[in-house]
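Down below is the structure, laid out as structure tokens.
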Amino acid sequence: MTENPTIITENYQYIGQVINGQMHGKGVLVFNDGSYYSGKFTNNRFSGDGTYIFQKTEMTGTFSNGDFFSGILAHNNQQYKTANGNYKQILSQYSYGRWNCFFLFTM
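All the letters of the sequence shown, read from the start, carry residue numbers 741 to 847 under this note's numbering.
Listed below in structure tokens is the structure:
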């Protein structure tokens with residue numbers, strides 16, 4: 741495992757642990773639009789404890805296979821406790837187009 745290398749692409753910058761050229765372990769991923777994820781990765785996917793912040797939404801808790809699984813979701817200054825992926829219903833109530841946070845990064 742390589743500790744704290746920097747990976748820069750046209751869409752994001754990553755600083756953290758890497759295995760075989762993939763984000764794996766602890767790291768920080770910052771997107772060009774200012775949104776970011778800080779936490780654990782497995783094979784380029786959000787996995788384990790982390791925080792993902794974008795626009796008016798913050799997800800803090802457990803991610804599994806790139807998806808937010810459980811924890812606290814804050815949206816428009818309101819907080820919701822989530823479990824087993826039920827955050828999708830919460831965000832869709834606000835007609836927010838970015839409720840799915842599944843990412844697979846290629847480098």
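Quick reminder that beta carbons are idealized off the backbone N, C-alpha and C, glycines included.
So what does DSSP say about Gln795, is it helix, strand or coil? coil
Looking only at its own chain, which residues have a Cβ that is under 7 Å from the Cβ of Phe771, when we skip the five neighbours before and after it? Asn751 and Tyr752
C-alpha distance - Ser787 paired with Gly774, whole-angstrom precision: 21 Å
Assuming Gly767 contacts Tyr754 (C-beta within less than 8 Å), just tell me the rounded distance between them. 6 Å
DSSP bridge partner residues for Asp789 (one or two, in chain order): Thr802
Looking at Gly790 and Tyr776, is the spacing between their C-beta atoms short of 8 Å? no
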